[in-house]
Amino acid sequence: MSREEKIISMVSKQKKIEVNRLAELLKVSKVTIRKDLDKLEARGILHRQHGFALLNNEADINYRLAKNYELKLRIAKKAAETVSDGEMVMIESGSTCTLLAEELAFQRNDITIITNSSFIASYIRKAESVKIILLGGEYQKESQVNVGPLVRQVIENFHVDKIFVGVDGCDLARGFTGSDINRCDTAKVMAGHANKTILLTDSSKFEKKGAVAEFAFKEIAEVYTDNGIPNQIKSFLEKEQISVTTV
73 MSREEKIISM
83 VSKQKKIEVN
93 RLAELLKVSK
103 VTIRKDLDKL
113 EARGILHRQH
123 GFALLNNEAD
133 INYRLAKNYE
143 LKLRIAKKAA
153 ETVSDGEMVM
163 IESGSTCTLL
173 AEELAFQRND
183 ITIITNSSFI
193 ASYIRKAESV
203 KIILLGGEYQ
213 KESQVNVGPL
223 VRQVIENFHV
233 DKIFVGVDGC
243 DLARGFTGSD
253 INRCDTAKVM
263 AGHANKTILL
273 TDSSKFEKKG
283 AVAEFAFKEI
293 AEVYTDNGIP
303 NQIKSFLEKE
313 QISVTTV
C-alpha cells in the first residue's frame with residue numbers, strides 16, 4: 073500500500089485526523105505529509121482544515137471515493153485487466169468506476185472512454201493518451217453525472233463491447249438496485265448500447281437494498297467485487313450465469 077493510500081485509509085476510518093498525527097504514524101516529516109495531502113486534496117479525495125485532514129460531506133462523490141479506497145482500487149485494477157490498448161469502453165458513474173477510469177487513462181494507450189460522469193472526465197483530464205467523450209444531459213450536482221433524455225439521444229451514436237457500472241444495492245427479488253431513478257434509467261439506456269454490462273462494487277453493497285430496481289440479474293455479464301461477498305450471494309449470482317471475480 074502506498075503512503076497516499078495509507079493516508080486515505082486512516083482518514084476514512086477516523087473521519088478527521090491531525091496532520092501532525094499522520095506524520096507521526098507514517099514516520100515521515102510534516103512537510104512530506106502536507107505535500108501528500110495537497111495532492112489528495114487536488115484530486116478531491118480529502119480536504120484540509122486548520123491542521124486537520126478530513127473526509128468530504130457524505131453526500132459528495134469524493135466522500136464515497138475515499139471510503140474503502142484501497143478495496144475499490146484493487147477491484148478497479150482487476151477489472152481493468154479486461155480492457156486492451158486502443159479499446160473504446162463506456163463507464164457510468166460511481167467511485168469504483170472512477171478508479172477504473174483512472175487506471176485505464178494512465179496505464180493503457182489510446183483508450184476512449186464514453187461517460188456521463190463529469191466527475192470522471194475531470195478526474196482523468198490530465199492523462200495524455202485517453203480520449204474522453206462526455207455525454208451531455210441534466211446535471212446532478214452531488215453525484216456530478218448527466219442524466220435524462222439528452223443522454224438517450226447522444227448515446228444512439230455509439231456501441232461498445234463493454235460498459236462498466238456501479239450500483240447501490242442488491243435485492244435477490246428485484247436484481248441490482250440504485251437510489252436515484254434518473255441515474256438508474258440513464259445507466260440502463262447506456263447499457264443498451266454495449267455487448268455486455270460489467271458491475272464493479274465493493275461487497276458492502278450486497279448488504280443494502282436500494283429503492284430503485286436498476287438491472288435484472290440477466291442483464292449483468294460479470295461482477296467484480298472483493299472476497300467479503302457472502303457465499304450465498306456469490307452462489308446465487310453464478311447460478312444466474314454471472315461471472316463473479318473477487319479480489
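Numbering (our numbering), first residue to last: 73 to 319. Glycine is no exception: its CB is placed at the ideal position from the N, C-alpha and C atoms. Note that the structure is predicted; figures quoted are calculated from it, not measured.
Its Cα nearest to that of R255, the residue E214 stands out among K234, A293, K290, E214. The three-state secondary structure of I205, taken from DSSP, is strand. Under the three-state reduction of DSSP output, I79 falls in the helix class.
A Cβ-Cβ distance of about 12 Å is found for the pair Y296 and T269, leaving them out of contact under the 8 Å criterion.
Counting of Cβ neighbours within 10 angstroms places L244 among the exposed residues, the total staying below 16. In the DSSP assignment, M262 falls outside any beta strand (DSSP E) and within the unbroken alpha helix (DSSP H) covering 253-263. Check the Cα spacing between R180 and each of Y195, R197, S201: the tightest is with S201. About 7 Å separates the CB atoms of L207 and I186; that is less than 8 Å, so the two are in contact.
Nearest C-alpha to L272 among D157, I314, K102, S194: I314. Put simply, the stretch 142-158 does not touch the stretch 117-127. Fewer than three CB pairs are less than 8 Å apart. Under the 10 Å beta carbon count, L109 is surrounded by 16 or more other beta carbons and is classified as buried. In this structure, V232 and V161 form a Cβ contact; the two beta carbons are roughly 6 Å apart against a cut-off of 8 Å. Closest option to G247, judged by alpha-carbon separation, among Q304, R224, L222, F278: F278. The shortest CA-to-CA distance from L222 to any of A199, N188, A288 is the one to N188.
In this model, K203 and S194 are separated by some 12 Å (Cα to Cα).
Comparing alpha carbon positions, the residue from G158, K85, R136, T168 closest to K150 is T168.
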